[in-house]
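Novice: Residue numbers (the UniProt record's numbering): 1 to 234.
For every residue, glycine included, the Cβ atom is placed at its ideal position computed from N, Cα and C.
Sharing a structure below in structure tokens format, with a few things to ask.
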């Protein structure tokens, strides 16, 4: 890029100034992306260690975990949406291009030899961690009534995410509730509120996620966080 800019700058004094500004802007963005990536990975590592710590002595399972920190589903949905947008804003078109070309070896020669940023992987990892955290929030509770309360709160948070058009977090929560360790808790599910059935209907993979696609289409022109894996697949 520098060689190309220098070649063009020799042709025109006006182009020289404009190219210098463009290059400086690009370098500033790459520097900011590298700093943000390092901070994001550090945040993930610290958060994961904190969540993996066992409850302190004398603390019951029901008093530990995410829902003990944020028991209001609406507030939890707000915070998840903020977290989603914080991660989404660092994703640039160059990473999407690299991701697509990785899946198509014939296009790889046009890419950089090595990826320099990893926000795409970090964002996919965020979905998996939120899904695993959802399952953990239910399974960590020893008493059935506490598990029922956790399921109800998580379903309410997922529905609140849907109302905010945060489809990625809603899908991650549903994926966590669908994991085998949670799905097999039949007594818990018989006591849980019926909101999960509505959530499943809206995010069902049937007809190529037809219900979700209708919701996303209705959100056209308004801010939304799409179901990211499906967006990449499309």
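Quick test of the definition: if touching needs 3 or more C-beta pairs under 8 Å, does the stretch 128–139 touch the stretch 89–104?
Specialist: no
Novice: From this set, 85, 76 and 100, which residue's C-alpha is nearest residue 159's C-alpha?
Specialist: The candidate whose alpha carbon is nearest that of residue 159 is 76.
Novice: What residues in its chain sit with their C-beta under 6 Å from that of residue 99, if we drop five residues either side in the sequence?
Specialist: 120
Novice: Flag this pair as yes or no: are the beta carbons of residue 138 and residue 129 separated by less than 7 Å?
Specialist: no
Novice: Is it buried or exposed for residue 181, if we count other Cβ within 10 angstroms and need 16 for buried?
Specialist: exposed
Novice: Decide if residue 69 is buried, meaning its Cβ has at least 16 other Cβ atoms within 10 Å, or exposed.
Specialist: Of the other Cβ atoms in all chains shown, fewer than 16 fall within 10 Å of the Cβ of residue 69; this residue is therefore exposed.
Novice: Measuring CB to CB, does residue 67 end up less than 7 Å from residue 150?
Specialist: yes
Novice: Tell me whether the stretch 78–86 and the stretch 208–216 touch, counting them as touching only if at least three CB pairs, one residue from each stretch, are closer than 8 Å.
Specialist: Result no; under three Cβ-Cβ pairs closer than 8 Å.
Novice: Using a Cβ-Cβ distance cut-off of 7 Å, determine whether residue 92 contacts chain C.
Specialist: The structure shown contains no chain C, having only a single protein chain.
Novice: Using the Cβ count rule (16 or more neighbours within 10 Å means buried), how would you classify residue 176?
Specialist: buried
Novice: Following the continuous alpha helix (DSSP H) through residue 182, name the residue where it begins and the one where it ends.
Specialist: 180–183
Novice: Buried or exposed: which applies to residue 169, given that a residue is buried once 16 or more other Cβ atoms fall within 10 Å of its Cβ?
Specialist: Buried, because 16 or more other Cβ atoms sit within 10 Å of the Cβ of residue 169.
Novice: Give the single residue among 126, 34, 179 and 155 whose Cα lies nearest to the Cα of residue 85.
Specialist: Closest option to residue 85, judged by alpha-carbon separation, among 126, 34, 179 and 155: 126.
Novice: I'd like to know whether the C-beta atoms of residue 192 and residue 152 end up nearer to each other than 7 Å.
Specialist: yes
Novice: May I ask you to list the residues that DSSP assigns as paired with residue 166?
Specialist: 225
Novice: For my contact list, residue 87 and residue 122 are in at a C-beta cut-off of 8 Å; report their separation, rounded to the angstrom.
Specialist: 7 Å
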